[in-house]
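0 is the number of the first residue of the sequence shown in numbering that gives the first Met the number 0; add one for each residue after it.
Virtual Cβ for every residue (Gly too), placed ideally from N, Cα, C.
Accompanying notes for the structure given below.
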Amino acid sequence: MTSVLSSAANTAHSAFASLSSVAQTKAGDTVPNVEIKIDSPDGKLDLSELTGKNVVVTVPGAFSGVCSNQIPSYIAQYDAFKAKGVKDIYVVAVNDIFVVNAWKDKLEEGKASGIKYAADDSAKLAASLGLVLDAAPIFGGPRLKRGALIIEDGKVQHVAVEDSPGDITVSHADSVLKAL
């Protein structure tokens, strides 16, 4: 039994190491060409194909307390983002699309905010952005670091990543608005 657990732990560590081997994205980088899910299991979103100025909010996990406290700042400030020329705001979590959609419904309380919610269910976007959070003790596996990116026509314009997943400072809507 011990060897099975040891083997599983080594496999999990190897998987995390391969996911987290990319340097963290920075301003000036090209947005990676990675498909994630939006709206449904068949709905595809590639952030590298977005046109105009867009904000991407990355969160460790749908329904977690801190993440659920972060997103309402974007819902409340949606019009301010639009006034600054933001085409769309995307919230991305490493969860399946069903969980992300249920979380959206809970956050928006039946009132469509205009914010789009997407699922990086395999953590490929997290890995390609260098934003993998080792969240195994809490969430059971790798997740996205809490942050916000401003992207425009395939290029990263601004990156703000929290030092701790429990913080909401540089990734708060007010901070991102100041960066626009």
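Spatial neighbours of GLY42 in its own chain (CB-CB distance under 8 Å, excluding positions within 5 residues in sequence) are listed in chain order as LYS36, ILE96. For a cut-off of 8 Å, the C-beta gap from ILE167 to ASN68 is around 7 Å, short enough to register as a contact.
In the DSSP assignment, ILE35 falls within the unbroken beta strand (DSSP E) covering 34–37. For GLU151, the enclosing beta strand (DSSP E) has its first and last residue at 146–151.
Looking only at GLY113, LYS105, PRO141, ALA101, the smallest Cα-Cα distance to ASP119 is reached by PRO141. Inclusion of ASP87 and ASN53 in the CB contact set at 9 Å is warranted, their separation being smaller than that value. Looking at PRO31, ALA22, VAL21, VAL175, the one whose alpha-carbon comes closest to that of LYS154 is PRO31.
Looking at GLN23, ALA92, ALA82, ALA75, the one whose alpha-carbon comes closest to that of SER63 is ALA92. Annotation for LEU106: ILE70 place their beta carbon closer than 6 Å to its own, counting only its chain and skipping 5 residues before and after. A direct Cα-to-Cα measurement between ASN100 and ASP38 gives close to 7 Å.
Rounded to whole angstroms, the gap between the alpha carbons of ALA159 and GLU108 is 28 Å. Secondary structure in the region 15–100: the alpha helix (DSSP H) runs of 4 residues or longer, each lying completely within the stretch, are 64–75, 77–82 in chain order.
Spatial neighbours of GLY113 in its own chain (CB-CB distance under 6 Å, excluding positions within 5 residues in sequence) are listed in chain order as TYR77.
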